[in-house]
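A.B. asks: Oh and the sequence shown: position 172 is 195 in our numbering, straight run, nothing missing. Heads up, the beta-carbon is just placed ideally off N, CA and C, and yes, glycines get one too. Just so it is clear, the structure is predicted and the values come from calculations on it, not from any experiment.
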Amino acid sequence: SLEAIQDDSLIYQTGVEIAKQCKRMGIHMNLIHVADTNSNTEKTAMYLKGIQDSGILATTKYFPGLLAGKNLLLFSEEVPPTIEEIKKAVANNLITREEIDNKCRKMLEYKAWAGLNKYIPIRMENIGNDLNALSAQVLNYKLAENSITLLKNKSQIIPVKRLDTTKIVTLFIGSEHLTEFQKTCNKYTRITNFNWTEKTEDKQQIKILQQLDSFNLVIVSLGNFSQHAHENFGITDDTKDFLKQVLLKKNVILTVFGNPYSLDKLEG
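1) When DSSP labels each residue in this structure, what does I214 get in the three-state scheme?
2) Assign G262 to one of three DSSP states: helix, strand, or coil.
3) If we ignore side chains and look at the alpha-carbon of each, how far apart do Y164 and L157 end up?
4) Who does S244 pair with in a DSSP beta bridge?
5) Measure the C-alpha to C-alpha separation of L80 and F280 and round it to an integer number of angstroms.
6) Starting from the N-terminal side, write out each stretch of the alpha helix (DSSP H) that is 4 residues or longer and does not extend beyond the segment 25 to 49.
7) Which runs of the beta strand (DSSP E) fall wholly inside the segment 99 to 187 and span at least 3 residues, in chain order?
8) Does the count of Cβ pairs from the segment 44 to 58 and the segment 185 to 204 closer than 8 angstroms reach three?
9) For L54, name the three-state secondary structure that DSSP assigns.
10) If you count every other CB in all the chains shown that lies within 10 Å of the CB of G151, and 16 or more means buried, which is it?
11) To which residues of the same chain is A27 closer than 6 angstroms at the C-beta, ignoring the five residues directly before and after it?
12) Starting from E65 and walking both ways along the alpha helix (DSSP H), at which residues does that stretch end?
13) Starting from D225, trace the alpha helix (DSSP H) both ways and give me its first and last residue.
14) Answer yes or no: do L89 and I123 have a C-beta to C-beta separation smaller than 9 angstroms?
15) At what residues does the alpha helix (DSSP H) containing T207 begin and finish?
16) Please state the DSSP three-state secondary structure of L97.
17) Can the beta-carbon of T207 be found closer than 9 angstroms to that of V243?
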């Protein structure tokens with residue numbers, strides 16, 4: 024969702040805030056971020072700059088090993104055998120001793136840059152409050168607000184008008200229970216709420232589709248699915264079939280809470 028934000032200063036602030044929380048927990052290198060080559064590399068750079076300007080080592084997508092240019096091996100569960108394999112690689116001229124030494128020197132320099140040559144244990148007092156500071160919550164709200172993207176607005180249906188007379192229903196696909204989005208919609212006007220999941224019985228599904236016809240506006244939400252493309256983002260054929268029937272109704276707003284690439288799996 025950060026890729027949808029136009030204000031780069033918010034991306035930078037995100038990096039700064041993450042670095043701040045890393046420091047508070049005694050973390051000196053952020054291994055979370057994975058650069059996406061399909062997305063805006065300028066935003067990735069801005070995010071990483073915020074982290075490093077705050078004194079935390081930043082990383083992009085991980086490479087598989089030393090021969091691919093890595094300086095640090097992650098999660099080596101079998102350390103002695105790993106060392107022996109590196110020695111074999113040097114003996115077989117796959118990598119030189121000088122290259123290994125340079126990698127080691129770089130890591131020592133990085134550790135010094137991060138302040139680990141003057142290690143100071145973290146304070147445990149108030150760590151929970153520090154990690155959940157109001158400033159971080161405010162930034163989260165700003166990020167959420169600025170990441171909302173309107174892709175289509177046929178007939179200028181958004182913003183919704185005449186809330187006092189328009190009969191509105193929300194339908195959340197992916198949750199059995201009332202969601203925060205539905206609760207928020209209910210704060211603006213009187214709204215009927217439906218929910219659908221893969222477990223919804225056929226009889227109930229037919230009933231929902233029939234009831235939608237009695238409303239002027241249907242706000243459909245798609246959420247609680249996988250973030251991974253190899254899992255088809257968790258969108259099954261049953262989900263797509265049901266959504267297709269819903270989208271045939273008049274005056275429908277579709278909101279998607281999830282990976283933006285999942286939109287390629289939807290029709291319409």
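C.D. replies: Working from what's here:
1) Stepping through the sequence shown from its first residue, residue 214 is reached at position 191. Correct three-state label for I214: strand.
2) Counting from 1 along the sequence shown, the entry for residue 262 is found at position 239. Inspection of the sequence shows that residue 262 is occupied by Thr rather than by Gly. T262: helix per DSSP, three-state reduction.
3) Along the sequence shown, one-based indexing puts residue 164 at 141. Along the sequence shown, one-based indexing puts residue 157 at 134. Taking the straight line from one Cα to the other gives about 11 angstroms.
4) Taking the first residue of the sequence shown as 1, we reach residue 244 at position 221. S244 pairs with F195 and T278.
5) Taking the first residue of the sequence shown as position 1, residue 80 is located at position 57. Taking the first residue of the sequence shown as position 1, residue 280 is located at position 257. Taking the CA atoms as reference points, L80 sits about 31 angstroms from F280.
6) Listed in chain order, they are 31 to 47.
7) Taken in chain order, the whole beta strand (DSSP E) runs of length 3 or more contained in the segment 99 to 187 number zero.
8) The segment 44 to 58, when compared against the segment 185 to 204, does not touch it at the 8 angstroms Cβ threshold.
9) For the purposes of this step, residue 54 is taken as the residue at position 31 of the sequence shown. The three-state reading of DSSP puts L54 in coil, since its state is none of H, G, I, E or B.
10) If you number the sequence shown from 1, residue 151 lands on position 128. Exposed, by the Cβ-count rule.
11) One-based indexing of the sequence shown puts residue 27 at position 4. Apart from the 5 residues on each side of it in sequence, A27 sits with its Cβ closer than 6 angstroms to the Cβ of S170 and T172 in its chain, given in chain order.
12) Stepping through the sequence shown from its first residue, residue 65 is reached at position 42. For E65, the enclosing alpha helix (DSSP H) has its first and last residue at T64 to D76.
13) Counting from 1 along the sequence shown, the entry for residue 225 is found at position 202. Annotation: the continuous alpha helix (DSSP H) that includes D225 extends over D225 to L235.
14) To locate residue 89, count along the sequence shown from 1; it is residue 66. To locate residue 123, count along the sequence shown from 1; it is residue 100. Result yes, Cβ atoms of L89 and I123 sit closer than 9 angstroms.
15) Looking up residue 207 in the sequence shown gives position 184. T207: member of the alpha helix (DSSP H) spanning E203 to C208, first to last residue.
16) To locate residue 97, count along the sequence shown from 1; it is residue 74. Three-state result, L97: coil.
17) Here residue 207 corresponds to residue number 184 of the sequence shown, with the count starting at 1. Here residue 243 corresponds to residue number 220 of the sequence shown, with the count starting at 1. In terms of Cβ geometry, T207 and V243 do not form a close pair [threshold 9 angstroms].
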